[in-house]
Amino acid sequence: MGRPGHALTGRRPQPGGGRRRPQPEVNAADRSATPGPRPQPPAWVLLAHGSEDPRHAREIEWLAAGMAGRRPDRAVAVAYLDHQPPDLATAIGALPTRSVVVVPALLSEAFHALVDVPAAVDAAVAGGATVALAAAFGADPAVLAALDELAGERQDGDGLLAVAAGTSDAAARTELAGLVDAWGRRRQQATAVAFAAGAGPTVADGIAALRGRGAATVTAVPLVLAPGRLLDRALAQAAALGAPARPGGLARTGALADLAVRRAEQAEKPG
25 MGRPGHALTG RRPQPGGGRR RPQPEVNAAD RSATPGPRPQ PPAWVLLAHG
75 SEDPRHAREI EWLAAGMAGR RPDRAVAVAY LDHQPPDLAT AIGALPTRSV
125 VVVPALLSEA FHALVDVPAA VDAAVAGGAT VALAAAFGAD PAVLAALDEL
175 AGERQDGDGL LAVAAGTSDA AARTELAGLV DAWGRRRQQA TAVAFAAGAG
225 PTVADGIAAL RGRGAATVTA VPLVLAPGRL LDRALAQAAA LGAPARPGGL
275 ARTGALADLA VRRAEQAEKP G
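Here this note's numbering = 1-based position in the sequence shown + 24.
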């Protein structure tokens, strides 16, 4: 019993004759291993060509929304190379992070992919951004699936005319023609490519080629991300030659949204 007027310490007797057990040491490495806040993931920027036609921006924004819906853990923005704001540097400046993956919304590795996109990325990096550049959509099999979504069910005897915007780059025209040939093999259906502007084949050339291969009817299918005046004119020419068109563009398809997400994920984890 303690002496009157003397407060007890409240310390419990320790087993082993009151001796304290030695406490394990915690070294600095163990303390540093304590998980801290997770780093913010990179944002994704869908970089499109741009157009004075407001339908272009609406379709690109739809595609970006499809990316965000598939990966809600990523901030997704849009930017344009020409004709309309925002440019890439401005779009990155409005994001919560300066670390981004840029996904070129382009169907071929033509001038825009080889020159304009790297120039936009260089300007963004000079402004302090950290940028991983994804591959353009190109002749990926997912583009064939996107064309299937626009074309609908296969109809016997129907030839499909894929109408692209056009490019002065011969290699890009060859790439798109090869894509359309692969689409025909996939569907077991006659296909041909036509370009709305620039070097041919023209819409009339494509329709004549399909009919020469025995197509009883021809349907025009847009091989573009979004409608525009060039495509409107080309599809009107097709209709005048007896080839009705499917509406819309590839940006509205689920297959292209899947491809855009895959391109961004591949750029985040190269190799």
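Where a beta carbon is used, it is the ideal one built from N, C-alpha and C, also for glycine.
Indicate whether residue i and residue j have their beta-carbon atoms separated by less than 7 angstroms.
i, j, result
"Ala175", "Leu254", "no"
"Val204", "Val217", "yes"
"Ala67", "Ala99", "yes"
"Glu177", "Thr277", "no"
"Ala115", "Pro128", "no"
"Ala233", "Ala269", "no"
"Leu112", "Leu71", "yes"
"Pro287", "Ala158", "At residue 287 the sequence reads Arg, which differs from the Pro that was named. Yes."
"Ala250", "Glu76", "no"
"Gly222", "Ser192", "yes"
"Ala291", "Ala156", "yes"
"Gly181", "Ala240", "yes"
"Ala170", "Ala279", "yes"
"Gly74", "Gln108", "yes"
"Pro96", "Ala103", "no"
"Ala92", "Glu133", "no"
Tell me the rounded alpha-carbon separation between residue i and residue j.
i, j, result
"Thr154", "Ala163", "27 angstroms"
"Ala275", "Ala281", "7 angstroms"
"Trp86", "Gly266", "31 angstroms"
"Lys293", "Ala262", "43 angstroms"
"Thr215", "Leu247", "12 angstroms"
"Leu168", "Val141", "24 angstroms"
"Val242", "Val124", "43 angstroms"
"Gly90", "Ala101", "11 angstroms"
"Gly298", "Leu184", "Outside the modelled stretch of the chain, which goes from 25 to 295, sits residue 298, for which no answer is possible."
"Phe219", "Gln179", "23 angstroms"
"Ala148", "Val139", "15 angstroms"
Which of the three DSSP states, helix, strand or coil, is assigned to residue i?
i, result
"Pro128", "strand"
"Gly234", "One point to set straight first is that residue 234 is Leu, not Gly, in the sequence displayed. Helix at Leu234."
"Leu70", "strand"
"Gly152", "coil"
"Leu184", "strand"
"Val141", "helix"
"Ala275", "helix"
"Pro246", "strand"
"Asp54", "Since pLDDT at Asp54 reaches only 49, below the 50 mark, its modelled position is unreliable, and the value read off the structure follows with that caveat. Three-state result, Asp54: helix."
"Thr241", "strand"
"Gly176", "coil"
"Thr226", "coil"
"Ala134", "coil"
"Gly162", "coil"
"Gly252", "coil"
"Asp146", "helix"
Need the endpoints of the beta strand (DSSP E) that residue i sits in, please.
i, result
"Ala158", "Note, Ala158: premise wrong, no beta strand (DSSP E); not H, not E."
"Thr114", "First-last for Thr114: 112–117, but that is the alpha helix (DSSP H), not the beta strand (DSSP E)."
"Ala103", "100–104"
"Val217", "215–219"
Using DSSP bridges, identify the partner residues of residue i.
i, result
"Val167", "For Val167, which the question treats as bridged, DSSP gives no partner whatsoever."
"Thr191", "According to DSSP, Thr191 bridges with nothing at all."
"Ser123", "Thr154"
Quick one: give me the first and last residue of the alpha helix (DSSP H) that residue i is part of.
i, result
"Arg270", "From DSSP, Arg270 is part of no alpha helix (DSSP H); its letter is neither H nor E."
"Leu80", "The sequence shown places His at residue 80, not Leu. 78–94 is the span of the alpha helix (DSSP H), which, as asked, contains His80."
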